[in-house]
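Residue numbers (the working numbering): 52 to 232. Report on the following structure.
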């Protein structure tokens, strides 16, 4: 019972406060400007007889007001992202340059007095010897380093904005299987 009385008193107090806020406020008083006497006599403009009006107002041509000059600016409707078309792979290229680098597998590394060399297997199962400086892959990759466990290939490519960048691809002799440690 006591909780109901507290609730009722709170509700009545809230309604009382809201009723004070709902009244109309008087508009702010604006001081009246006193007109100053005009001492100068303004001559009346001459009224010229105009040709009979048709009631139409002549509008100015908006194209005559502004002329767009696109010289030196890029085409706003041309895509910012450079479209890369499919390149055709020539049959005159060596077999290592006709396949994607991701399709190839490093199956062996040899070393001796001549330095390091590697054996790369293409998807058709054939193995090819490579050394430092050999061209490999469709992106004109270059073998930059061969170590005891891996081979590093640097490829030049164009990103979506048309900038030429270099990507280093590491091909491991015994790649780690995912999920196995």
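By construction, the Cβ of each residue, glycine as well, lies at the ideal position given by its N, Cα and C atoms.
Please work out which residues of its chain come closer than 6 Å, Cβ to Cβ, to residue i, disregarding the five sequence neighbours upstream and downstream, and give them in chain order.
| i | result |
| --- | --- |
| residue 149 | 140 |
| residue 189 | 151 |
Can you find the residues in the same chain that come closer than 8 Å, C-beta to C-beta, to residue i, ignoring five residues on each side of it along the sequence?
| i | result |
| --- | --- |
| residue 191 | 148, 206 and 207 |
| residue 216 | 207, 208, 209 and 210 |
| residue 200 | 160, 223, 224 and 225 |
| residue 146 | 173, 177 and 179 |
Buried or exposed for residue i, going by 16 or more other Cβ atoms inside 10 Å?
| i | result |
| --- | --- |
| residue 157 | buried |
| residue 197 | buried |
| residue 187 | buried |
| residue 169 | buried |
| residue 181 | buried |
| residue 194 | buried |
| residue 221 | exposed |
Within the continuous beta strand (DSSP E) that includes residue i, where are the two ends?
| i | result |
| --- | --- |
| residue 215 | 215-223 |
| residue 180 | 178-181 |
| residue 20 | Given that the chain is displayed from residue 52 to residue 232, the structure contains no residue 20 and the question cannot be resolved. |
DSSP puts residue i in a beta bridge; with which residues?
| i | result |
| --- | --- |
| residue 208 | 216 |
Can you list, in chain order, the residues of its chain whose CB lies under 7 Å from that of residue i, leaving out five sequence neighbours each side?
| i | result |
| --- | --- |
| residue 172 | 155, 156, 158 and 178 |
Check your understanding: Where are the alpha helix (DSSP H) runs, 4 residues long or more, that stay fully inside the segment 152-206, in chain order?
Key -> none
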